[in-house]
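Undergrad: Below: one structure in structure tokens.
Chains as they are written, first to last, in my numbering: chain E, 1 to 323; chain L, 324 to 402.
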């Protein structure tokens, strides 16, 4: 096991070379392997899609990148404003495709709300907000359980543990959002003979924080190997607007505001990055514990949770099984 | 009671069921994942008519067939 773990271990020293190498690879793989002329990027005003767009604009030239905002009725209004600012900054064409109608057609909202009402009959989607919560400490040896939180028009919160059936129905219904976005991205990609440039970062890919054939449905993922703090570092270097860099990453999936840390990661990004790096690169738990201010036992529990997350989400990363 | 818990766990793991002993740490050893845990709680609540509170969600109550049986015993005796 390795030692020598330190807090700056993920800081990219030679950022110009790293960016150049990603940009070259994005361009050559898209041309030589995918045989497409440029890239379509779904932009949300979040840091990952912004960094991806900036890289794509550098790789293909702004005229060969097409960006699409894909809001729906639960999206934050800030998202579109920031996404527009981003596209302007990198001189990339941007359009809006509102997917609310398609989602209504799929029954996305109704199916989700039906499961929420099963727990809270008073829930009225017109005036209430909702989100999913996790009940578990990251150091726990037990997997998490999920709760639904509703917020009434007066701002009063109520939370209840979800049964497997209701939880799975809420998730499956909400996943129509990412899968509808993927369909629309491929419509434009095929129309232009471009590739769909995926926006997930390393944590999303490896911990399974993406929807299979939703935001996980793409032809190439230029930041799929980068830790979140590295995505921020690249974004600053590439000139992503400061408002986007300063914004707290949210899920923008449920009607109530929810940070990604609250919903999924359970650690601040800087901490998550370092812990994951220590885990992945097999640093000695005592060394990681000392640097990060945890006990060795806590680090061992965190590492086994990471392992469990990877195993549990392996299905999401699997290609179809063929014989 | 223990037989019902044992049967449920053995029928619902994706790993080799015959390797599960009553004291096997079913989560730590990867016999059940997070959806498996949520479904297990549903099964226990439905089958034994118990209500699991947030405070109940600790290793001591769920880590093995032995632990789950003891937990259900405590819950049903308390009712």
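Every residue, glycine too, gets a C-beta built ideally from N, C-alpha and C.
1. Comparing the C-beta of residue 135 of chain E with each C-beta of chain L, is any distance below 8 angstroms?
2. Using a Cβ-Cβ cut-off of 6 angstroms (strictly less than) and excluding sequence neighbours within five positions of residue 234 of chain E, which residues of its own chain qualify?
3. Which residues in chain E sit within 8 angstroms of residue 377 of chain L, going by Cβ to Cβ distance?
4. Verify the CB distance criterion: does residue 344 of chain L have a CB-CB separation below 8 angstroms to chain E?
5. Listing by chain order, which chain E residues have their CB less than 8 angstroms from the CB of residue 351 of chain L?
6. Please list the terminal residues of the continuous beta strand (DSSP E) segment that includes residue 177 of chain E.
7. Quick one: Cα of residue 348 of chain L to Cα of residue 20 of chain E, how far?
8. Would you report the Cα separation of residue 366 of chain L and residue 166 of chain E, rounded to the nearest angstrom?
9. For the stretch 155 to 180 of chain E, list every residue whose C-beta sits within 9 angstroms of some C-beta in chain L, in sequence order.
10. Check the C-beta distance from residue 56 of chain E over to residue 197 of chain E and give it rounded, since I have them as a contact under 8 angstroms.
11. I'd like to know whether the C-beta of residue 361 of chain L is nearer than 8 angstroms to at least one C-beta of chain E.
12. Scan the stretch 374 to 400 of chain L for residues whose Cβ lies nearer than 8 angstroms to a Cβ of chain E and list them as they occur along the chain.
13. CA-CA distance, residue 132 of chain E and residue 116 of chain E?
14. At a Cβ threshold of 8 angstroms, is residue 311 of chain E touching chain L?
15. What does residue 364 of chain L touch in chain E if you count any residue whose Cβ is under 9 angstroms from its own?
16. Sort out for me which residues DSSP pairs residue 42 of chain E with in a bridge.
17. Quick one: any contact between the stretch 40 to 48 of chain E and the stretch 61 to 70 of chain E, if contact means 3 or more CB pairs under 8 angstroms?
18. Which residues in chain L have a C-beta closer than 9 angstroms to the C-beta of residue 112 of chain E? List them in chain order.
19. In chain order, what residues of the same chain lie with their CB nearer than 8 angstroms to the CB of residue 18 of chain E, ignoring the 5 residues before and after it?
20. Taking only three categories from DSSP, how would you classify residue 318 of chain E?
21. Listed from N- to C-terminal order along the chain, which residues in the stretch 59 to 80 of chain E have their beta-carbon within a distance smaller than 8 angstroms of any beta-carbon of chain L?
22. Could you tell me the alpha carbon to alpha carbon distance between residue 357 of chain L and residue 296 of chain E, rounded to whole angstroms?
23. Give the range of the beta strand (DSSP E) segment to which residue 157 of chain E is assigned.
24. With 8 angstroms as the threshold, decide whether the Cβ of residue 317 of chain E is near any Cβ in chain L.
25. According to DSSP, is residue 311 of chain E helix, strand or coil?
26. Can you tell me the Cα-Cα spacing of residue 303 of chain E and residue 91 of chain E, whole angstroms?
27. Tell whether a beta-carbon distance below 8 angstroms holds between residue 220 of chain E and residue 53 of chain E.
28. Mind reading off the beta-carbon distance from residue 363 of chain L to residue 142 of chain E? Whole number of angstroms is fine, and I expect it under 8 angstroms.
29. Taking the alpha carbon of residue 190 of chain E as the point to measure from, which residue in E:292, E:36, E:313, E:284 has its own alpha carbon closest?
30. Report yes if the C-beta distance between residue 179 of chain E and residue 99 of chain E is below 8 angstroms; otherwise report no.
31. What residue range is occupied by the uninterrupted alpha helix (DSSP H) comprising residue 398 of chain L?
32. Assuming contact is defined by CB atoms lying nearer than 8 angstroms, are residue 336 of chain L and residue 355 of chain L in contact in what I supplied?
TA: By the coordinates alone:
1. Counting from one through the first chain, the residue named residue 135 of chain E turns up at place 135. Yes, residue 135 of chain E lies at the interface with chain L (some Cβ there is under 8 angstroms from its Cβ).
2. Translated into the one-based positions of the first chain, residue 234 of chain E becomes position 234. 51, listed in sequence order.
3. In the second chain, counting from the first residue as 1, residue 377 of chain L sits at position 54. Contact annotation for residue 377 of chain L against chain E: 135, 161 [CB-CB distance below 8 angstroms, chain order].
4. Taking the second chain and counting its residues from 1, the one referred to as residue 344 of chain L is at position 21. By this cut-off, residue 344 of chain L is not an interface position.
5. Stepping through the second chain from its first residue, residue 351 of chain L is reached at position 28. Here the neighbours are 141, 304.
6. Here residue 177 of chain E refers to the residue found at position 177 of the first chain. Counting along the chain, no beta strand (DSSP E) covers residue 177 of chain E; the unbroken alpha helix (DSSP H) around it starts and ends at 164 to 192.
7. As a first step, residue 348 of chain L must be located in the second chain, where it is residue number 25. As a first step, residue 20 of chain E must be located in the first chain, where it is residue number 20. Roughly 48 angstroms between the two C-alpha positions.
8. Numbered from its first residue, the second chain carries residue 366 of chain L at position 43. Numbered from its first residue, the first chain carries residue 166 of chain E at position 166. Taking the straight line joining both Cα atoms gives about 14 angstroms.
9. Within the stretch 155 to 180 of chain E, those residues whose Cβ lies closer than 9 angstroms to any Cβ of chain L are, in chain order, 161, 162, 163, 164, 165, 167, 168.
10. Residue mapping note: residue 56 of chain E aligns to position 56 of the first chain, counting from 1. Residue mapping note: residue 197 of chain E aligns to position 197 of the first chain, counting from 1. Right, their Cβ atoms sit about 5 angstroms apart.
11. Taking the second chain and counting its residues from 1, the one referred to as residue 361 of chain L is at position 38. Residue-level contact check: residue 361 of chain L touches chain E, since one or more beta carbons of chain E fall below 8 angstroms from its beta carbon.
12. Result list: 375, 377, 380, 381, 382, 385, 386.
13. The sequence position of residue 132 of chain E within the first chain is 132, counting from 1. The sequence position of residue 116 of chain E within the first chain is 116, counting from 1. Rounded to whole angstroms, residue 132 of chain E to residue 116 of chain E spans 10 angstroms at the Cα level.
14. Your numbering for residue 311 of chain E matches position 311 in the first chain. Closer than 8 angstroms to the CB of residue 311 of chain E there is at least one CB belonging to chain L.
15. To locate residue 364 of chain L, count along the second chain from 1; it is residue 41. By Cβ distance, chain E contributes 145, 161, 163, 164.
16. Taking the first chain and counting its residues from 1, the one referred to as residue 42 of chain E is at position 42. Answer is E:68, bridged to residue 42 of chain E.
17. Because the criterion of three Cβ pairs below 8 angstroms is met, the stretch 40 to 48 of chain E and the stretch 61 to 70 of chain E touch.
18. Within the first chain, residue 112 of chain E is the residue found at index 112, counting from 1. Residues of chain L whose Cβ lies closer than 9 angstroms to the Cβ of residue 112 of chain E do not exist, since the nearest Cβ in that chain is about 17 angstroms away.
19. If you number the first chain from 1, residue 18 of chain E lands on position 18. Within the same chain, and ignoring the five residues on either side of residue 18 of chain E in sequence, the residues whose Cβ sits closer than 8 angstroms to its Cβ are 12, 234.
20. The sequence position of residue 318 of chain E within the first chain is 318, counting from 1. Coil at residue 318 of chain E, not helix or strand.
21. Against chain L - using a Cβ distance shorter than 8 angstroms - the stretch 59 to 80 of chain E contributes no residues.
22. Counting from 1 along the second chain, the entry for residue 357 of chain L is found at position 34. Counting from 1 along the first chain, the entry for residue 296 of chain E is found at position 296. For the pair residue 357 of chain L and residue 296 of chain E, the Cα-to-Cα distance works out to about 24 angstroms.
23. If you number the first chain from 1, residue 157 of chain E lands on position 157. In the DSSP annotation of this structure, the continuous segment of the beta strand (DSSP E) that includes residue 157 of chain E starts and ends at 157 to 161.
24. Counting from one through the first chain, the residue named residue 317 of chain E turns up at place 317. Not one chain L Cβ lies under 8 angstroms of residue 317 of chain E.
25. Here residue 311 of chain E refers to the residue found at position 311 when the first chain is read from its first residue. In the structure shown, the three-state DSSP call for residue 311 of chain E is helix.
26. As a position in the first chain, residue 303 of chain E is number 303, starting the count at 1. As a position in the first chain, residue 91 of chain E is number 91, starting the count at 1. The straight-line gap from Cα to Cα measures roughly 43 angstroms.
27. Translated into positions along the first chain, residue 220 of chain E becomes position 220. Translated into positions along the first chain, residue 53 of chain E becomes position 53. No; because the gap between Cβ atoms is not below 8 angstroms, this pair is not in contact.
28. Counting from 1 along the second chain, the entry for residue 363 of chain L is found at position 40. Counting from 1 along the first chain, the entry for residue 142 of chain E is found at position 142. The Cβ separation is near 11 angstroms, so there is no contact.
29. Position 190 of the first chain, counted from the start, is the residue given in the question as residue 190 of chain E. The option with the nearest alpha carbon to residue 190 of chain E is E:36.
30. For the purposes of this step, residue 179 of chain E is taken as the residue at position 179 of the first chain. For the purposes of this step, residue 99 of chain E is taken as the residue at position 99 of the first chain. No, they are not a contact pair.
31. By 1-based counting over the second chain, the position of residue 398 of chain L is 75. Boundaries of the alpha helix (DSSP H) around residue 398 of chain L: 388 to 401.
32. Looking up residue 336 of chain L in the second chain gives position 13. Looking up residue 355 of chain L in the second chain gives position 32. Contact: yes.
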